Every structure is written in C-alpha cells, then in structure tokens.
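Okay, structure first, notes after.
Residue numbers (the numbering used here), protein chains in the order written: chain A, 1 to 82; chain B, 1 to 462; chain C, 1 to 253.
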C-alpha cells in the first residue's frame, strides 16, 4: 500500500520509493529510504498535504509524493491484519 | 531488494550516505535524544494545525498582525508628521513672509513634502515586518504553508509560494527575492508574476490616505480587508490561468520540513526588520527623493504669467476673497504645468475609470513607485489650494471625489504595476525582460479593465 | 624593520554550507558582524552573501552558500553550492548542521567530504540537543570524521570563538577528512576512478576529489550507460589537449 493510505497515528516501514528525477531524489535526500520507519501524524484540514514523522524530523508531503512511497504498515492496535 | 545491479544508482548512493551517517552515530552517540524532545512543539501543533481550528487560528493571526500594524502605528506616525511639519514651517520662516522663492518651494513642497509622505509610513512598515519576521523565525510559516498548500496548489501555486506572497504584503522586492525558495522554475515564475498583486507596504500608504478620507470609521477596516482580499483573489485566478497557458508543466517536489517551534531571538528579528526598513528608507532617500524633485519641477513649471481669475476680477465679472483668488491662481498654475498638461492629455483615457486630470497627474508618479502617489497628490493639492490651515489632504480629496471614484482608484493602484524596482527585479530574477514586460502590460491592462467596469457598474447604483 | 617587508597575505577562503533551517545565517552574522554584503549570482536567481572577519593575523573571506539538502544538482541552489565546492579553491568549508537532526545532516557532511575540501563541522543548536538529552563525544567524532568538530548556538553567539579556532586549525592542517562509504560503492567508484585520465586519477588530486568527479558520472550512467564512455573519452581528449598546450607553453618560455 502507499503512504497516503495510512491511518493517522499508524506506523509503517518504507519498502520502496517510486518515481524518478528531482521528486524522488528529494525524497531520498530526506531519508525516505527503504527500511526507514515513519509515522503518519496528521493530514491538513483541506485533505492534503500529509504530515509524517521520520526519526526526529517532521515532513509535509503532497498526495502525489505520498502515493509514490510504498509502505508496509507495522502491526498496531488500529490494524492487526496487515 | 538490495541487489538492484546498479539499476538504481540514486537509491544506492543515498543508502550509502545514510549508512555512513548511521555508522557515525552508532559509534559516537553516547546518549540519544529523548523521544519526547518535541513534546512541546507537538502540543502546540495539536492546536495550531488542528483539523477544524487550524485555519481559523491562521486567519486570526493574520488579522491580528494587520490590526496591530495600524493601531500601534498611529502615535509614532503623528510624531513623524509633527516633526516634518515643524521642519517645513521652520524652512518657510527663513524667507520673508509673502515672498516667492523657487528654492523655498523646492525644499518645502518638493523635498520635505515628498520624503515626509514616505517616512511617515515607516511605523506601519516596521510593525508589519515585525509580525512577518516573528512568524518566520518561530516556525509558524511552515505550518501556514502546510495549511495553505492544497488551496495554493489548486490555483497553480505551491505551499512555499505562500511565504513569498506574505512577504509581498511588506514589499514586493523581498517577496520576489523570496521566490528563490521555490525549486521549480515554473512555480517560481508564476509566483513572481502574480506577487505584485499582494498589496505591499508602499500601497498601504495610499490606502491609509484614501480609506479614512472616503469611508466612515466603521467601514475602514472592512474596506482595507476588501482591498487585500481583492488582490489575493486576482493573484489566484491569474496564477491558475498562467499554469494552464504560458507556464504549463511539471511541478517541483513538495517535501517540506516542519522545524520545531522556536522562540524567535530578538537580535535576529531586529536585524531582519532593520535590514528591510533600511531598503525602504533608502528607496525613500534616493528614488523617491529624485522623483519628488522631478515631479515638483513638472508641477511648478512652466510658470503662468497672467491668470484668468485676475482678469475676471479686474473686469468685475466675479468678486472673490483674496484666499479664493490665490486658490484659483494655483489651480490654473498646475493646469498649465508639464504634469498638468500630461494629466489633461491622459484624461480621455482615464475618464472611463472616473479619474480627472489631477489623479492622472498623481498617477504619473505612481508609475514610478506607488508611494509617490501620496507625495504627488500632496504636491498637487498643496500647490493648487492655499487654504492649507484647517483642511488636510483627506478632506480635500473627499470634497473632490466620490467614494466610488476612490474605490476605482484603489483597485487601479492595487492591480497595475507596483513600481519600477519590481519590474526591474522581475526581469533580473526571471532572467528575461519578456516576463517583466508581460507583468507590466498584463497587470496594467487588467487594472484598467476592472476599474472601468467597477466605476461604470457602480454608477448605476449610486 | 618588519613594516618594510610587510606583505598582505591572501585572505583565507572559507564557505559556510548546510541544510536549510540549520541556522547558517545566524552563524554567518556572528562571524562577520556588520562586514557583509548581499547580491545575486549572475544570471540566476540565487542570493550570494559574503563578508570578512579577522582570524588572528589572517583575514578571512567568508561565503555563505545557499542552504541545500544534498549536492545532487537539481535545484539552482544545489548547483551553486556544488560549483563553489568544486571550483572555488576554498581553504575550509564549515558545515553547519542542526544538532537535533544529526542523521540527515551528516549525509550532507559526507557529500562535502567527497569534494576534497577541508571541513569543519559546526554542530549548531547544541543547546536544544542537550536539552533533549542527546550526548555525543566531540573528541570521538573528530577522530572518526578526521575534521574539527565544534558545538555552537548561533542564536546566542555561543561557541563562535571555538569555531574560529577550528577554522584556523583546519586551514593550517594538511589532513583531508576521511570518508568510508559503503564497501561495494567505494570499489565501484575506485574502478571508475581508474578509467579517468592519469592527471585526474586518485594519487595526484586525492581520492575524495576523484570521488566527487566520479559521482556525477555514476549518476549519469544510471540514465544512459552510453554517456559514460563518451563522457570519459571527452575528458581524455580535453586532458590531452591541456597537456599539449602546457607543453607548448613551457617550451616557448
């Protein structure tokens, strides 16, 4: 699934970062790499961008960027089956 | 996953760099930062970017900054006004009463009047810059971009366009310079081209003159809000149009860091404000001073030798008081001057907007820089009306024009090109005069259209 | 006796680099005070900020590079920073990092180290990191990275004297920092380095510089393999031409 599908408060591990060129490079530069663990913290009142946490860093991503990040949710209270 | 056989060198390199950084940390970090290090910042964010309250809070913060700009700015403005008036009368006193001197006129009407009209708004400018610097340095600006991105994006802009646009409220010059934070050329160009529609500090001087002159106290704040909102709305529409026409194409990545809230440091804020205020004052000291002198010359020369009013009085056609005769003479004088002639020549063109040659004359200055409009109106009136004792500029304006003309005038000054410096900067920052000329021609054309429509439709109702 | 022989030495060329939001500008202000100027890089939209300060007997020309997250040349800011690092003959580069964001910030440091410049690491916002309970041994870090490391708080002017001393120390030393990238990648870079013309090859200009030349080639290679060969042959040709020219100059003089 992609990052945009995560619920608020859900943790996940990045498995792949799709795309090419500057957009992908920027994601990689920020440390959004396979095996990195992220938390979905909030979504803007207007529905986008999303606000995630990666280690000590908080980042805002647009829908477009968020859908290019493939994640594997970590088992939590909200979603046990994944 | 790791065996991509060099297919994905970007990922391999980034992974290698992060692995290096991770190794450095595991080997040297004696104690990790607590996971709740950002607890305070997170708590604040729970309120400030709240699902429902985030946007209203943002609107309230913006309103608060504008409100403080005007109320706290009032007393120091009075002091500056008093200082310049005293200086003016001191210089006038150096010449014997009743004598006419070109130098005295240049000093008092041209220089002190012109520069004073700009310096008086320094308190407003400083307060607005203070508010913006506080938002920037506290980290709230990034939250504002987060809150606003969807909306900005819908109009073809970027969340990061928001900061330059906000800076544009202070002055278009630093605003255009701030578009550098935008990585994509098209995002940057779009922002740069529509940014002058953000009502800048220089235009604030015009609003501060016109709004109290034409509108009742209860209507002043809403009117000011309307002007700002009109600029924002038009910027959005134009940005959207640009993004589907001249500037269609791929977008820059939106990956924005949200730094934790920090207490702004007084020294840094004051440095930032002083730097910007200095740019403003330097503009007043150089560009505006020379334009003031040029415009003074254009309004004072050529001198008329005989006045119609004198002949009429001599022939006994009219009987007027000495003061009224003086006023008529000055009026005829300015009509006869270079600026008056240009203003009259322009009249057929600007008449559909409800403007007369006086406003046209003042707008000649406004083309060079918006704040010159105030100085110019001041000169036009100081010289065409000797009755300066108890009626200030505002009541004179209110006497000569209807509020509808004022609205049309404000819209024209809002939308048409801000100042020469902005055009020059756009040319430099966009890398071509083509964009600057498009900005100049496009905005002035749109301004003309809108003012004509507003004035003529408005006339049907008033 | 000394005044006659007095000769103004060339100022030290020092640049500040770092992520956006790392507090680079406050460090710059602390170091230069009022001696600073702002202008644009010609033809592009990036701001150039530079200034001077006195460091013991030496004069330092300080350049504030635009804030970047990496040196991959996608944005004009990144291109400016990269070009300055590779071409400006900088004596020292101060990498200003946010101490509360060490992982990401050290990535930029690694890229700087690849450029073959002497590096000083300024761990800015050290007060915030300490408040959060973070502890790091500066001595161990210096040893690991091979460059001076200082803690600073730009907003309060703390650690600025230490930073100045570190700049002087780095400028006086001959050591380039050590960068141990992932083994496999290091080997790949070495292999490409061996294809470079002899003058550019590691022994002459130092391994890190070669690496910085090679990295963009690797990046290009991922897009078009063919380009790599033509790139190298063009470089070889250019290098041969340079050699010829130089030979001609030396014989004529």
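Just so you know, even glycine gets a beta-carbon here, dropped at the ideal spot from N, CA and C.
Just so it is clear, the structure is predicted and the values come from calculations on it, not from any experiment.
>> Give me the DSSP bridge partner(s) of residue 50 of chain C.
In response: Here the question's residue 50 of chain C lines up with position 50 in the third chain. Beta-bridge partners of residue 50 of chain C (DSSP): C:37, C:63.
>> Can you give me the C-alpha to C-alpha distance between residue 458 of chain B and residue 452 of chain B, rounded to a whole angstrom?
In response: Residue 458 of chain B sits at position 458 when you count from the first residue of the second chain. Residue 452 of chain B sits at position 452 when you count from the first residue of the second chain. About 10 Å.
>> My parser needs the alpha helix (DSSP H) runs of 4 or more residues fully inside the segment 42–86 of chain B; what are they?
In response: With a minimum length of 4 residues, the continuous alpha helix (DSSP H) runs that stay inside the segment 42–86 of chain B are 54–71.
> In the segment 54–78 of chain B, which residues sit with their C-beta less than 8 Å from some C-beta in chain A, listed in chain order?
Replying inline: Within the segment 54–78 of chain B, the residues whose Cβ lies closer than 8 Å to some Cβ of chain A are 54, 55, listed in chain order.
>> Is it buried or exposed, residue 219 of chain B, if we count other Cβ atoms within 10 angstroms and call 16 or more buried?
In response: Looking up residue 219 of chain B in the second chain gives position 219. Residue environment: residue 219 of chain B is assigned as exposed (fewer than 16 neighbouring CB atoms within 10 Å of its CB, all protein chains considered).
> Who does residue 73 of chain A pair with in a DSSP beta bridge?
Replying inline: Here residue 73 of chain A is taken as the residue at index 73 of the first chain, counted from 1. As a beta-bridge residue in DSSP terms, residue 73 of chain A pairs with A:12.
> Looking at C-alpha atoms only, which residue of C:93, C:33, C:130 is the closest neighbour of residue 153 of chain C?
Replying inline: Within the third chain, numbered from 1, the residue matching residue 153 of chain C stands at position 153. Among C:93, C:33, C:130, the Cα nearest to that of residue 153 of chain C belongs to C:130.
> Name the chain C residues that come within less than 7 Å of residue 56 of chain A, Cβ to Cβ?
Replying inline: The count along the first chain starts at 1 and reaches residue 56 of chain A at position 56. Chain C residues near residue 56 of chain A: 100, 101.
> Is residue 42 of chain A helix, strand or coil when you go by DSSP?
Replying inline: By one-based count along the first chain, residue 42 of chain A stands at place 42. In this structure, residue 42 of chain A counts as strand in the three-state DSSP scheme.
> Using the beta-carbon of each residue, which ones in chain B are nearer than 7 Å to residue 136 of chain C?
Replying inline: As a working mapping, residue 136 of chain C is identified with position 136 in the third chain. Chain B residues near residue 136 of chain C: 28, 29, 30.
>> Against chain A, does residue 164 of chain C count as a neighbour if the rule is that its beta carbon must be under 8 Å from one of theirs?
In response: Position 164 of the third chain, counting from 1, holds the residue named residue 164 of chain C. Not flagged as an interface residue toward chain A: residue 164 of chain C, since no C-beta distance is shorter than 8 Å.
> Does the beta carbon of residue 158 of chain C sit closer than 8 Å to a beta carbon anywhere in chain B?
Replying inline: Counting from 1 along the third chain, the entry for residue 158 of chain C is found at position 158. No, residue 158 of chain C does not count as interfacial toward chain B.
> What separation, rounded to the nearest whole angstrom, lies between the Cα atoms of residue 103 of chain C and residue 172 of chain B?
Replying inline: Here residue 103 of chain C refers to the residue found at position 103 of the third chain. Here residue 172 of chain B refers to the residue found at position 172 of the second chain. Roughly 37 Å separates the two Cα atoms.
> How many whole angstroms separate the CB atoms of residue 371 of chain B and residue 205 of chain B, which I take to be in contact at a CB cut-off of 8 Å?
Replying inline: Here residue 371 of chain B corresponds to residue number 371 of the second chain, with the count starting at 1. Here residue 205 of chain B corresponds to residue number 205 of the second chain, with the count starting at 1. For residue 371 of chain B against residue 205 of chain B, the beta-carbon gap comes to about 5 Å, under 8 Å, which counts as contact.
> Based on the DSSP secondary-structure assignment, which residues constitute the bridge partners of residue 400 of chain B?
Replying inline: Taking the first residue of the second chain as 1, we reach residue 400 of chain B at position 400. Note: residue 400 of chain B sits in no beta bridge, so no partner.
>> Spatial neighbours of residue 301 of chain B within its chain, please: C-beta separation below 7 Å, excluding the five flanking residues on both sides.
In response: Position 301 of the second chain, counted from the first residue, corresponds to residue 301 of chain B. Its chain contains 337, 338 as the residues whose beta carbon lies nearer than 7 Å to that of residue 301 of chain B, once the 5 sequence neighbours on both sides are disregarded; these appear in chain order.
>> Which residues in chain C have a C-beta closer than 8 Å to the C-beta of residue 271 of chain B? List them in chain order.
In response: Translated into positions along the second chain, residue 271 of chain B becomes position 271. Within chain C, the residues near residue 271 of chain B are 29.
> Of all the residues that make up the segment 9–23 of chain B, which are near chain A by a beta-carbon distance shorter than 7 Å?
Replying inline: Within the segment 9–23 of chain B, the qualifying residues are 10, 11, 14, 15, 18.
> Are the Cβ atoms of residue 197 of chain B and residue 188 of chain B separated by less than 8 Å?
Replying inline: Taking the first residue of the second chain as 1, we reach residue 197 of chain B at position 197. Taking the first residue of the second chain as 1, we reach residue 188 of chain B at position 188. Between residue 197 of chain B and residue 188 of chain B, the C-beta gap is not smaller than 8 Å, which leaves the two residues out of contact.
> Nearest-angstrom Cα distance between residue 97 of chain C and residue 49 of chain A?
Replying inline: Here residue 97 of chain C refers to the residue found at position 97 of the third chain. Here residue 49 of chain A refers to the residue found at position 49 of the first chain. If you take the alpha carbons of residue 97 of chain C and residue 49 of chain A, they lie about 27 Å apart.
> Distance, Cα to Cα, residue 167 of chain B vs residue 63 of chain B?
Replying inline: As a working note, residue 167 of chain B is residue 167 in the second chain. As a working note, residue 63 of chain B is residue 63 in the second chain. In a straight line, the C-alpha of residue 167 of chain B is about 15 Å away from that of residue 63 of chain B.
>> Could you tell me the alpha carbon to alpha carbon distance between residue 59 of chain B and residue 20 of chain B, rounded to whole angstroms?
In response: As a working mapping, residue 59 of chain B is identified with position 59 in the second chain. As a working mapping, residue 20 of chain B is identified with position 20 in the second chain. Straight-line Cα distance between these residues: approximately 44 Å.
> Count the other CB atoms within 10 Å of the CB of residue 19 of chain C; is the residue buried (16 or more) or exposed (fewer)?
Replying inline: Position 19 of the third chain, counted from the first residue, corresponds to residue 19 of chain C. By the 10 Å Cβ count, residue 19 of chain C comes out buried.
> Of the choices B:354, B:376, B:352, B:349, whose alpha-carbon is the least far from that of residue 362 of chain B?
Replying inline: Taking the second chain and counting its residues from 1, one reaches residue 362 of chain B at position 362. Per the Cα distances, B:376.
> chain C partners of residue 30 of chain A, CB-CB under 7 Å?
Replying inline: In the first chain, counting from the first residue as 1, residue 30 of chain A sits at position 30. Residues of chain C passing the Cβ test: 69, 104.
>> Quick check on the burial criterion: 16 or more other C-beta atoms within 10 angstroms. Buried or exposed for residue 79 of chain B?
In response: The residue given as residue 79 of chain B occupies position 79 in the second chain. Flag for residue 79 of chain B reads exposed.
>> Quick check: residue 254 of chain B and residue 31 of chain A, are their CB atoms within less than 8 Å of each other?
In response: Your numbering for residue 254 of chain B matches position 254 in the second chain. Your numbering for residue 31 of chain A matches position 31 in the first chain. Inclusion of residue 254 of chain B and residue 31 of chain A in the CB contact set at 8 Å is not warranted, their separation being larger than that value.
>> Using a Cβ distance threshold of 8 Å, determine whether the segment 400–416 of chain B contacts the segment 207–214 of chain B, with at least three qualifying pairs required.
In response: A contact exists between the segment 400–416 of chain B and the segment 207–214 of chain B.
>> So, with DSSP's three-state summary, where would you put residue 189 of chain B?
In response: Position 189 of the second chain, counted from the first residue, corresponds to residue 189 of chain B. Three-state DSSP puts residue 189 of chain B in a helix.
> Any Cβ of chain A within less than 8 Å of the Cβ of residue 53 of chain C?
Replying inline: In the third chain, counting from the first residue as 1, residue 53 of chain C sits at position 53. Residue contact with chain A for residue 53 of chain C: absent (no Cβ-Cβ distance below 8 Å to any residue of chain A).
>> Closest to residue 168 of chain C by C-alpha separation, out of C:84, C:22, C:72, C:54, would be which residue?
In response: Looking up residue 168 of chain C in the third chain gives position 168. If we check each option's Cα against that of residue 168 of chain C, C:54 comes out closest.
> alpha helix (DSSP H) containing residue 435 of chain B: first to last residue?
Replying inline: The residue labelled residue 435 of chain B in the question sits at position 435 within the second chain. Taken as a continuous stretch (DSSP letters only), the alpha helix (DSSP H) holding residue 435 of chain B covers 433–461.
>> Considering only DSSP beta bridges, list what residue 328 of chain B is partnered with.
In response: Within the second chain, residue 328 of chain B is the residue found at index 328, counting from 1. Beta-bridge analysis with DSSP links residue 328 of chain B to no other residue.
> Quick check: the segment 24–34 of chain B against the segment 117–133 of chain B, are there 3 or more CB pairs under 8 Å?
Replying inline: No: the two stretches stay apart, fewer than three of their Cβ pairs being nearer than 8 Å.
> If you drop the 5 nearest sequence neighbours on each side, which residues of the same chain put their C-beta closer than 7 Å to that of residue 227 of chain B?
Replying inline: Counted from its first residue, the second chain places residue 227 of chain B at position 227. Here the set comprises 199, 207, 410, 414.
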